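**Q**
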Amino acid sequence: MPKRIKYYSELCKVTPYVARMLICYRCHGGAHMQKYCPNDEICSRCGTGHTEKECDRQDKHCVTCKGNGHLATDATCPEKDKRLKENKDRLERRSRIRSRRRTTNSKMAQQGSQDFDSYPVLSETMMSTAPKAVIFANDKDSYASKASMGLHANIEGEIAALRKTIEEASLRLTQLLSQQVIYTNTSRNPGHRTREPSRRPPSAGARKRTTIFVETTAFYTKPTCFQDNRFEIMA
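Quick note on full-length UniProt numbering: the sequence shown kicks off at 1 and runs consecutively.
Written out as structure tokens, the structure reads:
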């Protein structure tokens, strides 16, 4: 246990805290209180089964230490000093054990760091030919470097996904603008008719035929020039 500690720029003296001895005023024993006492009430003067007011004994007798000249509730009882000393010794033993554990752990940590530093640093040629386990063992910041690489990879992946989303949105916007241009051109030419597929019933044994019309628009550098093409796709 340290003798002094620094607390908010102040040097404070350290003293162990030892709890006061519990005394029962019912059985005049220790280690418990009166309201939790399971024993019968006895006299503090003679130790028999009656109260102190009913006792005819004139001299004082301690039930705890079996001595004369004081009662069990007096602070001069030697049994209190004995138990207080036992509590202090127990507290000191616990403090020694904790300090030994801290010292042992710090020594082991220092020894491990010294052993780690005792390994020679590999050259670039040896690093290129050495196994990965040896390289990672020699690299103190391997975990931090891996974490940073993983973070950069995640950022690059998010940037790539965002770029792909922007490209898809631009493509959809271009398609919508193209459809709007086609609709405007059709409304300006009301005589333009769209070819409809034939509705004749198929002959027996004929192959199933599906006709799909796909309209594409080709743009030229000349002002407002469109060309409509239709393709017939066989299923």
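We put the CB at the ideal spot given by N, CA and C, even for glycine.
If you're wondering where the values come from, they're calculated on a predicted model, not measured in any experiment.
1. Would you kindly check if the distance between the Cβ of arginine 90 and the Cβ of glycine 30 is under 8 Å?
2. With DSSP as the reference, label lysine 140 as helix, strand or coil.
3. DSSP state of glycine 157, grouped into three classes?
4. Comparing alpha-carbon positions, which option in Lys35, Asp56, Ile155, Pro16 lies nearest lysine 88?
5. Quick one: give me the first and last residue of the beta strand (DSSP E) that glutamate 10 is part of.
6. Can you tell me where the beta strand (DSSP E) with arginine 4 in it begins and where it stops?
7. Roughly how many angstroms separate the alpha carbons of tyrosine 7 and arginine 100, rounded to a whole number?
8. Alpha carbon to alpha carbon, how far is leucine 171 from isoleucine 155? Give it in angstroms, no decimals.
9. Within this structure, are the beta carbons of residue 283 and lysine 60 separated by less than 8 Å?
10. When the Cα atoms are used, what is the spatial distance from arginine 98 to aspartate 40?
11. Taking DSSP as the reference, what is the three-state secondary structure of isoleucine 23?
12. Can you list, in chain order, the stretches of the alpha helix (DSSP H) that have 4 or more residues and sit fully within the stretch 42-69?
13. Just the C-alpha distance for residue 236 and glutamine 58, rounded to the nearest angstrom, thanks.
14. Measure the Cβ-Cβ separation of threonine 64 and tyrosine 25 and say whether it is below 8 Å.
**A** According to the structure shown:
1. Looking up residue 30 in the sequence shown gives position 30. Looking up residue 90 in the sequence shown gives position 90. No, the pair does not count as a contact, with Cβ atoms beyond the cut-off.
2. By 1-based counting over the sequence shown, the position of residue 140 is 140. Interpretation of lysine 140 is limited by its pLDDT of 47, a score under 50 that renders its predicted location unreliable; no figure is taken from the coordinates.
3. On the sequence shown, position 157 is the one that residue 157 refers to. Look at glycine 157 here: in three-state DSSP terms it is helix.
4. As a working note, residue 88 is residue 88 in the sequence shown. For lysine 88, the nearest C-alpha among the options comes from Pro16.
5. The residue labelled residue 10 in the question sits at position 10 within the sequence shown. Element bounds for glutamate 10: 10-13.
6. The residue labelled residue 4 in the question sits at position 4 within the sequence shown. Segment 4-7, the beta strand (DSSP E) holding arginine 4.
7. Position 7 of the sequence shown holds residue 7. Position 100 of the sequence shown holds residue 100. Roughly 24 Å separates the two Cα atoms.
8. Walking along the sequence shown from the start, residue 155 turns up at place 155. Walking along the sequence shown from the start, residue 171 turns up at place 171. So the alpha carbons of these two residues sit roughly 24 Å apart.
9. For the chain, the structure presents residues 1 to 235; residue 283 sits outside this window and is missing.
10. Numbered from 1 along the sequence shown, position 98 holds the residue referred to as residue 98. Numbered from 1 along the sequence shown, position 40 holds the residue referred to as residue 40. Roughly 41 Å between the two C-alpha positions.
11. Along the sequence shown, read from residue 1 onward, the residue named residue 23 stands at position 23. In the structure shown, the three-state DSSP call for isoleucine 23 is strand.
12. none
13. The chain is shown only over 1 to 235; residue 236 falls outside these bounds and no answer can be derived.
14. Taking the first residue of the sequence shown as position 1, residue 64 is located at position 64. Taking the first residue of the sequence shown as position 1, residue 25 is located at position 25. Cβ distance not < 8 Å, so threonine 64 and tyrosine 25 don't count as in contact.
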